[in-house]
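Enquirer:
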Amino acid sequence: MNPADPSPPASPGAAGQTRAEAGTAPLLVVMGVTGSGKTTVGQALADRLGLPFADADDFHSPASVAKMTAGIPLDDDDRMPWLRAIGAWLADHAAGGAVVSCSALKRSYRDVLRAAAPPACFVHLAGDREVVRRRVAGRPGHFMPASLVDSQYAALQPLQDDERGVVLDFTRGVEQLVEDYLAAACPADLPGPPRAPER
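Quick note: the sequence shown uses this note's numbering, first residue 17, plus one each step.
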């Protein structure tokens, strides 16, 4: 299931070109556990960069949403079709750049996305479990209950040295996180997850 694909106004670059037209627009996967701010930060990055945005939650099947609503963690059989759908969306947007929010907790999940869209850069929103627990408890009506926070941290495999990405502290404000990404953006030809500079 593909979500709607809005086309926000693009930010002009040199000589009136957008970054997408100039071939320099990034393909970003904003990753992390539930409650880390992926959707909010991902949308803010997309707005700032003039890129389309998608929320990976919109790619879940009704059966997967029902499992999570019941407090049952998804297994890899549930996740593979979901990851392939997200990878296809990224591949469709690889030439012009895009941003998607997606938990991408395990290396193997990120490998699926990378196989579909090799230019992808992972922006890991990392931070304290108790902060996440409080955030999730304060989201009434969301299908991901607070009881699944521990299972998400248990599954989380941080970015490895050969993965293109950056690690940001999710306790910072949204605008600060956008600036942190711009300051520590994925190098075009170097692997590894640098951390944003301390402020």
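In this text, a Cβ means the ideal position worked out from N, Cα and C, and glycines have one as well.
Can you tell which of Thr56, Gly48, Arg130, Ala120 has its C-alpha closest to the C-alpha of Val194?
Expert: The sequence position of residue 194 within the sequence shown is 178, counting from 1. Checking every option, the nearest Cα to that of Val194 belongs to Thr56.
Enquirer: Please list, in chain order, all residues of the same chain as Val165 whose beta carbon is under 8 Å from its beta carbon, the five residues on each side excluded.
Expert: On the sequence shown, position 149 is the one that residue 165 refers to. Counting only Cβ-Cβ distances below 8 Å, and skipping sequence neighbours, we find Val49, Thr50, Gly51, Arg145, Val148, Arg149, Val152.
Enquirer: Output the boundary residues of the alpha helix (DSSP H) element that contains Leu121.
Expert: Position 105 of the sequence shown, counted from the first residue, corresponds to residue 121. From DSSP, Leu121 is part of no alpha helix (DSSP H); its letter is neither H nor E.
Enquirer: Between Ala60 and Asp185, what straight-line distance do the alpha-carbon atoms span, to the nearest angstrom?
Expert: In the sequence shown, the residue the question calls residue 60 occupies position 44. In the sequence shown, the residue the question calls residue 185 occupies position 169. Roughly 16 Å between the two C-alpha positions.
Enquirer: Counting Cβ pairs closer than 8 Å, one from the segment 120 to 130 and one from the segment 82 to 89, do we hit at least three?
Expert: no
Enquirer: For Thr34 and Gln168, I'd like the C-alpha separation in whole angstroms.
Expert: Locating residue 34 in the sequence shown gives position 18, where the first residue counts as 1. Locating residue 168 in the sequence shown gives position 152, where the first residue counts as 1. With a pLDDT of 41 at Thr34, under the threshold of 50, the modelled position of that residue is not reliable, and no figure is offered here.
Enquirer: Is the Cβ-Cβ distance between Leu172 and Leu121 less than 9 Å?
Expert: Within the sequence shown, residue 172 is the residue found at index 156, counting from 1. Within the sequence shown, residue 121 is the residue found at index 105, counting from 1. Yes, the pair counts as a contact, with Cβ atoms nearer than the cut-off.
Enquirer: Going straight from the alpha carbon of Asp71 to that of Ser117, what length do you get?
Expert: Translated into positions along the sequence shown, residue 71 becomes position 55. Translated into positions along the sequence shown, residue 117 becomes position 101. Cα-Cα distance, rounded: 5 Å.
Enquirer: Just the Cα atoms here: how many angstroms apart are Gly66 and Gly113?
Expert: Locating residue 66 in the sequence shown gives position 50, where the first residue counts as 1. Locating residue 113 in the sequence shown gives position 97, where the first residue counts as 1. Spanning the two alpha carbons is a distance of roughly 9 Å.
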